[in-house]
Structures are given as structure tokens and as C-alpha cells.
Amino acid sequence: MKNQLRVLRALKGWSQGELADQLGVSRQTINAIETEKYDPSLPLAFKLARLFKQPIERLFDGEEGR
Amino acid sequence: MNQTNLIESYRPCSGSYSLKKDLRLNAWLAVSMAVYLTALFLVKRHPAWSPWSRGLLLLTPVLPVLLYLRAWIRLVRGLDELQRLIQLEAFLFAALGTLLVGFVVNTLGAAGVWREGLNHGLGLPEGCMAMFALWLAGGALANRRYR
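Protein sequence lines, in the order shown, are assigned to chains B and F. With positions in the first sequence counted from 1, the corresponding number in this note's numbering is that position plus 31. With positions in the second sequence counted from 1, the corresponding number in this note's numbering is that position plus 468.
The structure is reproduced here in C-alpha cells:
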């Protein structure tokens, strides 16, 4: 699934590890989402949306990225 | 809490390997092996014991094995969602791979290819070793896909 995670993370100036720490997931998970190799679960997607203060559909557009 | 490479810390030869975590996870496996070997030794030394006594004694490792299983379940529950997916793929790879290896070995054994050793098919120790090796391989493959 296409997403804006890498862009939003860069705007905040966070590293993948720092974002992973805030979400309680591994850095590998953040990297896999950013590279569109892995689609997050709904709870994790909502956590991301809340953290970036963005609507969930702005983060993920639902189109297949792979 | 960053759970980066959490499962890696239990895997020997990985960069994040932690002996303390490995011991905490695998302590019950070591206990079950020790209990099994002790039970085997006692049963061999006392052939006059009743079949029920011998059977119950040989089954004593089941308790530490159940505790080992509980340690694994706790570990998997503590993983983040991607790590859980990777472990699921690794376990499926190991389980189905072991079935396949067992089928091949048994079939070749039935055809008389093996003269010694594996002529009765894949035993429990060989099956466990195959499963462990395939779990490592499956985990490495799944990790590579999501890297």
C-alpha cells in the first residue's frame, strides 16, 4: 500500500529508530512500511495517524504499492 | 520500547545475540534434556520396575517442555506485528519442510535406498534437527523479504 510515512517522518526530523521507539515496534517494521513491503495492522495505522496528527487516508491511500 | 532485532538477540551468531536472554528462553529446554537423560539412565539401571513406573518416569520431561513452550509463547506475544509475521512464516516453513523431508526420507527408506541409519525413516531427533535448521532458514528468508 502506498503511504506518506517517509515524507512525514522526514518533516518531523525523526529517524526510523526514533519513530519505532514512539510506536513500540521494531525499526524493521517502520522500514518495511516505508518501502511498501508490509502493510501495518489497523491499530498501528491509527497510531501512526494520531502521532502525525493526520487523517489515516492521508497517510495511506489504499492503492497497491507492490 | 524499541523491539529492534528482538528475535535476533536469541539467535546465536547474530549481531545482537544476548546470552542472558538465550538462557532465559532456553533454560527449560536444558532442564527437560537433563530430566530426560536422568530418566533414561534410571530406567536402564532398573529393568525390574513396572512398565507404568518406567513410563511415568520417562514422561517427566513433558512438564519442563510445557514450560519451554510457555516461554516461547511469551516471547512471540512480546514481538511486534512484523516480527510475529516473520516468525509465523518461519514456523510454517519449518513444519511443512520437515513433513516434506520426512516424506522423502521415508519413501527412499521404503524403496530400500538407505542400508543403515535412516532405513526406518526420520526419527524424533532427526525430525527436531530438521525442524530447527528449517526454522533458521525460514526466518532468514522471511527477514530478507522485509529488510
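Cβ coordinates follow ideal geometry from the N, Cα and C atoms, glycine included.
So which of the options has the shortest CA-CA distance to residue i?
{"i": "residue 532 of chain F", "options": "F:576, F:511, F:499, F:524", "result": "F:499"}
{"i": "residue 529 of chain F", "options": "F:576, F:573, F:579, F:502", "result": "F:502"}
{"i": "residue 489 of chain F", "options": "F:504, F:543, F:525", "result": "F:543"}
{"i": "residue 593 of chain F", "options": "F:570, F:581, F:513", "result": "F:570"}
{"i": "residue 526 of chain F", "options": "F:539, F:576, F:510", "result": "F:510"}
What's the call for residue i, buried or exposed, on a 16-neighbour Cβ count within 10 Å?
{"i": "residue 561 of chain F", "result": "buried"}
{"i": "residue 57 of chain B", "result": "buried"}
{"i": "residue 610 of chain F", "result": "buried"}
{"i": "residue 85 of chain B", "result": "exposed"}
{"i": "residue 470 of chain F", "result": "For residue 470 of chain F, the predicted structure reports a pLDDT of 45, less than 50, and the residue's modelled location is therefore unreliable. A value from the coordinates is still provided. It is buried - the Cβ of residue 470 of chain F has at least 16 other Cβ atoms within 10 Å."}
{"i": "residue 496 of chain F", "result": "buried"}
{"i": "residue 602 of chain F", "result": "buried"}
{"i": "residue 92 of chain B", "result": "exposed"}
{"i": "residue 579 of chain F", "result": "exposed"}
{"i": "residue 607 of chain F", "result": "buried"}
Tell me which same chain residues have a C-beta within less than 8 Å of the C-beta of residue i, skipping the five on either side of it?
{"i": "residue 72 of chain B", "result": "none"}
{"i": "residue 47 of chain B", "result": "40, 58, 61, 62, 65"}
Who are the Cβ neighbours of residue i in its own chain at under 6 Å, not counting the five residues just before and after it?
{"i": "residue 605 of chain F", "result": "none"}
{"i": "residue 36 of chain B", "result": "64, 65"}
{"i": "residue 34 of chain B", "result": "90, 91"}
{"i": "residue 518 of chain F", "result": "none"}
According to DSSP, residue i sits in a beta bridge with which residue or residues?
{"i": "residue 34 of chain B", "result": "B:91"}
Taking 7 Å as the cut-off, is the beta-carbon of residue i closer than that to any non-hydrogen atom of the ligand SAM?
{"i": "residue 557 of chain F", "result": "Absence of the ligand SAM from the depicted structure is noted, as is the absence of any ligand whatsoever, leaving it without description."}
Got a sec? Which residues, its chain only, sit under 7 Å from residue i by beta carbon, not counting five neighbours each side?
{"i": "residue 523 of chain F", "result": "none"}
{"i": "residue 614 of chain F", "result": "550, 554"}
{"i": "residue 472 of chain F", "result": "Low confidence applies here, because residue 472 of chain F scores a pLDDT of 45, under 50, leaving its location unreliable; read the following figure in that light. For residue 472 of chain F, where only same-chain residues beyond five positions count, there are no Cβ hits under 7 Å."}
Sufficient close CB pairs (3 or more, under 8 Å) joining the stretch 558-577 of chain F to the stretch 594-607 of chain F: yes
Answer yes if the stretch 529-543 of chain F comes into contact with the stretch 37-50 of chain B, meaning at least three C-beta pairs across the two stretches below 8 Å, and no otherwise. Contact between the stretch 37-50 of chain B and the stretch 529-543 of chain F is absent, because fewer than three Cβ pairs lie under 8 Å.
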